[in-house]
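With this note's numbering applied, the sequence shown corresponds to residues 501 to 910, in that order. Note that CB positions come from ideal geometry on N, CA and C, so glycine has one too. Note that the coordinates shown come from a computational prediction; the quantities given were computed from them, not determined experimentally.
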Amino acid sequence: MRKLFSVLLTFLCLLTYGNSFSQGYQVNFQGQKQQGMGLAGTAVFMDGSSLFFNPGSVAFSNENSINIAVTPISGNTLFIDSTTGQGYRSNSPIGTPFSAYGLFQLKDHAKLKLGIAAYTPFGSTVSYEDNWIGRFALTKLQLKAIFIQPTFSYRIADVIGIGGGLVISTGDVVLEKDIPVQFSDGDFASASLSGSALGFGYNLGIHYDLTKKLSVGLNFRSKIEMNVDDGNAIFDVPESLDPNFPDGTFSGALPLPQVLTFGVCYKANDQLTFVLDVNRVGWKAYDTLAFDYALNTSSLEDTKSPRMYESTFAFRGGGSYDFNNGLSFRAGGGFGFSPVQNGYITPETPDNDRWYGTAGIGYVFGDHFSIDATFYYTQMTRTGHNTETGLSGTFETKAIAGGLGLIYKW
Numbered sequence: 501m502r503k504l505f506s507v508l509l510t511f512l513c514l515l516t517y518g519n520s521f522s523q524g525y526q527v528n529f530q531g532q533k534q535q536g537m538g539l540a541g542t543a544v545f546m547d548g549s550s551l552f553f554n555p556g557s558v559a560f561s562n563e564n565s566i567n568i569a570v571t572p573i574s575g576n577t578l579f580i581d582s583t584t585g586q587g588y589r590s591n592s593p594i595g596t597p598f599s600a601y602g603l604f605q606l607k608d609h610a611k612l613k614l615g616i617a618a619y620t621p622f623g624s625t626v627s628y629e630d631n632w633i634g635r636f637a638l639t640k641l642q643l644k645a646i647f648i649q650p651t652f653s654y655r656i657a658d659v660i661g662i663g664g665g666l667v668i669s670t671g672d673v674v675l676e677k678d679i680p681v682q683f684s685d686g687d688f689a690s691a692s693l694s695g696s697a698l699g700f701g702y703n704l705g706i707h708y709d710l711t712k713k714l715s716v717g718l719n720f721r722s723k724i725e726m727n728v729d730d731g732n733a734i735f736d737v738p739e740s741l742d743p744n745f746p747d748g749t750f751s752g753a754l755p756l757p758q759v760l761t762f763g764v765c766y767k768a769n770d771q772l773t774f775v776l777d778v779n780r781v782g783w784k785a786y787d788t789l790a791f792d793y794a795l796n797t798s799s800l801e802d803t804k805s806p807r808m809y810e811s812t813f814a815f816r817g818g819g820s821y822d823f824n825n826g827l828s829f830r831a832g833g834g835f836g837f838s839p840v841q842n843g844y845i846t847p848e849t850p851d852n853d854r855w856y857g858t859a860g861i862g863y864v865f866g867d868h869f870s871i872d873a874t875f876y877y878t879q880m881t882r883t884g885h886n887t888e889t890g891l892s893g894t895f896e897t898k899a900i901a902g903g904l905g906l907i908y909k910w
């Protein structure tokens, strides 16, 4: 039973890695313009979303603005068991990560800009069909996470801007799984875990205009330690096993990896812009999950589960063409290496190296209002196993996302 319950550790990782179908389950849907250009935009000020991508570039803003955006994600996974060849599908609902930004200038301090950002970098519901072969690892996951980021940006020279923000991370999670113990009617016992997590970090950035056409940017988002205290563990088991699986509380911690991004922007002319970002994600910090039950029994002991993630690179790029009538077209794509090694694949993270493509369109209505829309597509196949649970097979995942954002400036 100890081995079986070590898989419950996976709920902690889902406080941070939702079913968002990006590198290592890192969500990158924080700006519609950047999404249209392959999720890149560290070296150029776009709009309020630059509070996330590079606070240093915000110093080059000349207006107050408010952004709101949502990017519904539809994605599901087919798992093919390596032994039987039978397939099992997830039936996850559409996820809706959102973002909101407020960007403000001070009349008496033209070089100083202040902002507030709220975004959902991780959050979704993942569920698999009844009686699927991996039901003892996971049947359903529901995740909600919101990051709040108050930010400042200062233009220290005509061509250099710096900025930084405090990141407050809060999240809730519910995880359900079956237990390989049956009631008299043949139904399996089950476990339900729920908890809240809180963490703090920071987001720093610098922007430098090398020439009128070429600029570079550097952004660093710190590691955040997500802590779960007094989470609820509820077990629905046959009455004779109640002493082995007592309802109670649990605690644990998980590091969100640091992210370092270097970006380049080239403005070929007043209408055509190209961007390129290179990410280095410190997934190596995620090597083990420790899980501490308040009530221990011979069947429910504190456990440590290896994850052994590897730090990875991701490459993103794209371009934008602005027509004179207020219309803009964008396109891009990217490639990300997976941090998940073979032997550590789970139903929550059947991740693999992947390509993706994006496209976007924008339109400016007069002096104050604009709208942006985006499209994102990715697919991947990962064959492997989990040495801890014994689950072995092929995960085939596809995801489509369409985003919509509104901006008001004054």
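For Ser-574, the uninterrupted beta strand (DSSP E) segment begins and ends at 573 to 581. In terms of CA proximity to Gly-833, Thr-858 leads the group Thr-858, Thr-803, His-609. From the listed residues Tyr-601, Asp-547, Thr-583, Gln-605, the smallest Cα separation to Ile-568 is found for Tyr-601. Counting the other Cβ atoms within 10 Å of the Cβ of Glu-888 gives 16 or more, which makes it buried. Around the beta-carbon of Asn-824, fewer than 16 other beta-carbon atoms lie within 10 Å, marking it exposed. Nearest to Asp-851 by C-alpha distance, out of Thr-670, Gly-884, Gly-890, is Gly-884. Excluding its 5 nearest sequence neighbours in each direction, Gly-763 has C-beta neighbours in its own chain below 6 Å: Thr-542, Ala-543, Gly-717, Asp-777, listed in chain order. With 16 or more neighbouring CB atoms inside 10 Å of its own CB, Pro-847 falls in the buried class.
Between the stretch 723 to 737 and the stretch 705 to 714 there are fewer than three C-beta pairs closer than 8 Å, too few to call the two in contact. Scanning the stretch 586 to 648 for uninterrupted alpha helix (DSSP H) segments of 4 residues or longer gives nothing; none is fully contained.
Per DSSP, Ser-751 is one residue of the beta strand (DSSP E) stretching across 748 to 756.
For Lys-804, the CB contacts under 6 Å within the same chain, skipping 5 residues up- and downstream, are Thr-788, Ala-790 in chain order. Taking a 10 Å sphere around the C-beta of Asp-747, we find fewer than 16 other C-beta atoms and assign the residue as exposed. The residue among Gly-664, Asp-581, Val-674 with its C-alpha nearest the C-alpha of Thr-639 is Val-674.
Thr-577 is the residue among Thr-577, Phe-529, Gln-535 whose C-alpha sits nearest the C-alpha of Thr-881.
The residue from Asp-687, Pro-680, Asn-554, Ile-646 with its alpha-carbon nearest to that of His-707 is Asn-554. Boundaries of the alpha helix (DSSP H) around Lys-533: 532 to 536. For the pair Lys-644 and Asp-672, the Cα-to-Cα distance works out to about 5 Å. The stretch 800 to 886 is shown to contain no whole alpha helix (DSSP H) run of 4 or more residues.
Straight-line measurement puts the Cα of Ser-798 at about 38 Å from the Cα of Ile-668. Per the coordinates, the alpha-carbon of Phe-835 lies some 10 Å from the alpha-carbon of Gly-538. In chain order, Leu-578, Ile-580 place their CB closer than 6 Å to the CB of Gly-587, counting only its own chain and leaving out the 5 sequence neighbours on each side.
Setting aside the 5 residues that flank it on each side, Gly-843 is surrounded in the same chain by Thr-887, each with a C-beta closer than 6 Å to its C-beta; the list follows chain order.
Across the set Pro-757, Trp-632, Gln-649, the C-alpha of Trp-632 shows the shortest separation from the C-alpha of Phe-688. In this model, Gly-890 and Ser-653 are separated by some 50 Å (Cα to Cα).
The beta carbon of Asn-744 is closer than 6 Å to those of Thr-797, Ser-799 in its chain, skipping five residues each way along the sequence. Ile-662 has its alpha-carbon roughly 45 Å from the corresponding atom of Asp-802. Judged by DSSP in its simplified three-state form, Phe-745 adopts coil rather than helix or strand. The beta-carbon distance between Pro-757 and Gly-782, rounded to whole angstroms, is 4 Å. This is short enough to meet the 8 Å contact definition. Annotation for Gln-534: Ala-540, Gly-541, Met-546, Ser-549, Phe-553 place their beta carbon closer than 7 Å to its own, counting only its chain and skipping 5 residues before and after. Close CB contacts of Ser-838 within its chain, under the 6 Å cut and outside five residues either way in sequence, are with Asp-851, Asn-852, Asp-853 (chain order). Residue state for Phe-553 is assigned as helix, using DSSP reduced to three classes.
Under the three-state reduction of DSSP output, Ala-785 falls in the helix class. Pro-597 places its beta carbon less than 8 Å from that of Phe-529. Rounded to whole angstroms, the separation of the alpha carbons of Leu-906 and Gly-819 is 20 Å. It is roughly 20 Å from the alpha-carbon of Ala-753 to the alpha-carbon of Ala-691.
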